[in-house]
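Heads up: the sequence shown begins at 1 in full-length UniProt numbering, then just goes up one per residue.
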Amino acid sequence: MERELALDLVDFLYKSPTAYHSVETIKERLDLNGFSEVKESEKWNLQKEGKYYVIKNDSALIAFIIGNGDVEEDGFKLIGAHTDSPGFRVKANPEMVSEGKYLKLNTEVYGGPILYTWFDRPLGLAGKVTLKGQSSLKPEVKLVNINKPLLIIPSVAIHMNRTVNEGFNINKQKDTLPLLSLINDKFEKDGFLVNVLADELKVDANEILGFDLGLYEVEKGALIGLNEEFISAGRLDDMWMVYTGIQALIDSKVNKSTKVMVCMDNEEIGSLTAQGANSALLLNILERITLSLGKDREGMHRALANSIMISADLAHAVHPNAEEKHDPTNRPVLGEGPVLKTAASGSYSTDSYNAAIFEGLCKKAEVPYQKFFNRSDVRGGTTIGPITSSLLTIPVMDMGAPLLSMHSIRELASVKDNSYTIKLFTEFYNS
């Protein structure tokens, strides 16, 4: 069963090259399992034990199952993760010509990728394209995924950069531009990419008003290792936690609490967007759920006072070649279960109260667990946990499955930890 779940995760990631495609993949799974879409622009008429989801700006999704209890008394059980991953985004007017022969695309870095891992990899291109709609205020959106080796960022030969293996200062505007094609006599530079998109979408190029496109590695993830105990794939951060949360929500049983799976976008750039965690989106959705169940704003605040959340982002496993980078006494490793993350700086939202809850859930689910603290002389990252905790003012425990090579184009996880995390999340929803 562990292997089947891991292969299913690999398929899930392969179908989700961007946050937009992630939401589409989640939507397909929810539809197959009896969930119905509700739209922000429509009146909601939610029913107890009903299964629903709402999509925001094509790249965030919040799914929920209404409990059979009283929402004021039984509250919400939430798991939060994010749909975006570090990488490259394509700028407008992206075509650039070098030496009169090479056609490159002008890109910018999104989030904090490990840049050198992107060199010499066959790359695809995916995202959303905005077309003319019925009115100027209602453009049409289509997803595109050119899932073939379309682009590559070539390295400079070692003969021309003799000290490359001693460290290379990568210039994001110069060194990471992907090569698209060689120019021939029929080449027209202006609008080249738009014409490629038009051909892919089977629309007229004049219909295309804009795009939000990113690069991704086209090679599918795989199970590797002597016993296939590892998962090697891109975008594990944080689509892995999205996958496990959605799987747990689908597998869980209806109970008194209203269960919510929160899949937000733009965590890698600070979450300050309409579809990000640092917005009113989640609070608005929880309020609408409460109001639709016949409660008022007082009832919503009572429901929040009885709610709890897991912020699910990935955790740093001890690196086998860099053991010194980790805290002396808290040293999570692959294959030993989910990791509770704590930081005195507040970059993680865990405190002793919700840590006790986390440990109790792990024991009840019969899942091993680990703890992570940064070295005191190393600045760590953060998650949607502190943001959500401050907006909702509810207990939020920060955790994640252990990972190596975080923010690489290809990250490394454990098959066992995938199964452990699903068990933990299912127990959380069922408790």
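The C-beta atom is built at its ideal place from N, Cα and C for all residues, glycine as well.
Should residue i be counted as a contact of the ligand FAD given a C-beta to heavy atom distance under 6 angstroms?
| i | result |
| --- | --- |
| Thr342 | Annotation note on the ligand FAD: not contained in the displayed structure, which lists no ligands. |
Strictly by DSSP, which residues pair up with residue i?
| i | result |
| --- | --- |
| Gly214 | Arg89, Ala126 |
| Ala233 | Glu411 |
| Leu179 | Lys104, Ile152 |
| Ala222 | Ser232 |
| Glu2 | Answer by DSSP bridge pairing: none, since Glu2 is not bridged. |
| Ile79 | Met261, Ile310 |
| Leu131 | Glu140, Ile208 |
| Met96 | Lys104 |
| Lys48 | In DSSP, Lys48 forms no bridge with anything. |
| Tyr53 | Glu37, Ala63 |
| Val109 | Phe88 |
For residue i, count neighbouring Cβ atoms within 10 angstroms of its own Cβ and tell me buried if that reaches 16, exposed if not.
| i | result |
| --- | --- |
| Ile170 | exposed |
| Val260 | buried |
| Ser135 | exposed |
| Val218 | buried |
| Leu182 | exposed |
| Val97 | exposed |
| Ile224 | exposed |
| Pro328 | exposed |
| Leu32 | exposed |
| Lys253 | exposed |
| Lys205 | Reading the sequence as shown, one finds Ala at residue 205 and not Lys. Result: exposed. |
| Gly245 | buried |
| Tyr280 | For the record, residue 280 in the displayed sequence is Ala; it is not Tyr. By the 10 Å Cβ count, Ala280 comes out exposed. |
| Pro122 | exposed |
| Leu340 | buried |
| Tyr243 | buried |
| Val129 | buried |
| Gly67 | buried |
| Tyr353 | exposed |
| Ser311 | buried |
| Glu4 | exposed |
| Asn227 | exposed |
| Gly167 | exposed |
| Gly360 | exposed |
| Thr388 | buried |
| His316 | buried |
DSSP three-state label for residue i, please.
| i | result |
| --- | --- |
| Tyr348 | coil |
| Lys364 | helix |
| Gln247 | helix |
| Ala355 | helix |
| Glu140 | strand |
| His326 | coil |
| Asn145 | strand |
| Ala343 | coil |
| Ser22 | helix |
| Leu403 | strand |
| His316 | strand |
| Tyr369 | coil |
| Ser59 | coil |
| Asp398 | strand |
| Ile170 | coil |
| Asn68 | coil |
| Lys253 | coil |
| Asp377 | coil |
| Phe12 | helix |
| Leu286 | helix |
Which residues in the same chain have their Cβ closer than 8 angstroms to the Cβ of residue i, if we skip the five residues on either side of it in sequence?
| i | result |
| --- | --- |
| Thr107 | Phe88, Arg89, Val90, Lys91, Pro94, Thr176, Leu177, Pro178, Leu215 |
| Lys148 | Gly124, Val218 |
| Glu2 | Val415, Lys416, Asn418, Ser419 |
| Val71 | Thr258, Ile289, Thr290, Leu293, Lys295, Gly299, Ala303 |
| Pro154 | Phe119, Asp120, Leu179 |
| Val378 | Lys325 |
| Glu200 | Val144, Ile146 |
| Glu267 | His82, Asp84, Asp238, Gly276, Ala277, Asp313, Thr383, Ile384 |
| Leu209 | Thr130, Leu131, Lys132, Pro139 |
| Glu49 | Ile65, Ile66, Gly67, Asn68, Val254 |
I'd like the list of long-range same chain contacts for residue i, defined as Cβ closer than 6 angstroms, with 5 residues on each side in sequence excluded.
| i | result |
| --- | --- |
| Ala356 | none |
| Ser307 | Gly75, Phe76, Ile394 |
| Glu140 | Leu131, Gly133 |
| Val156 | none |
Excluding the 5 residues flanking residue i on each side, which residues of the same chain have their C-beta closer than 7 angstroms to its C-beta?
| i | result |
| --- | --- |
| Gln247 | Ile422 |
| residue 489 | One cannot answer for residue 489 here, as it falls past the ends of the chain, which runs 1 to 431. |
Pair every Cβ in the segment 227-237 with every Cβ in the segment 400-419, then say whether three or more of these pairs are closer than 8 angstroms.
-> yes
Pair every Cβ in the segment 45-60 with every Cβ in the segment 268-276, then say whether three or more of these pairs are closer than 8 angstroms.
-> Touching, yes, given that three or more Cβ pairs across the two stretches are closer than 8 angstroms.
Kindly confirm or deny that the segment 398-405 and the segment 322-335 touch, where touching means at least three C-beta pairs closer than 8 angstroms.
-> Contact between the segment 398-405 and the segment 322-335 is present, because at least three Cβ pairs lie under 8 angstroms.
Pair every Cβ in the segment 35-51 with every Cβ in the segment 6-17, then say whether three or more of these pairs are closer than 8 angstroms.
-> no
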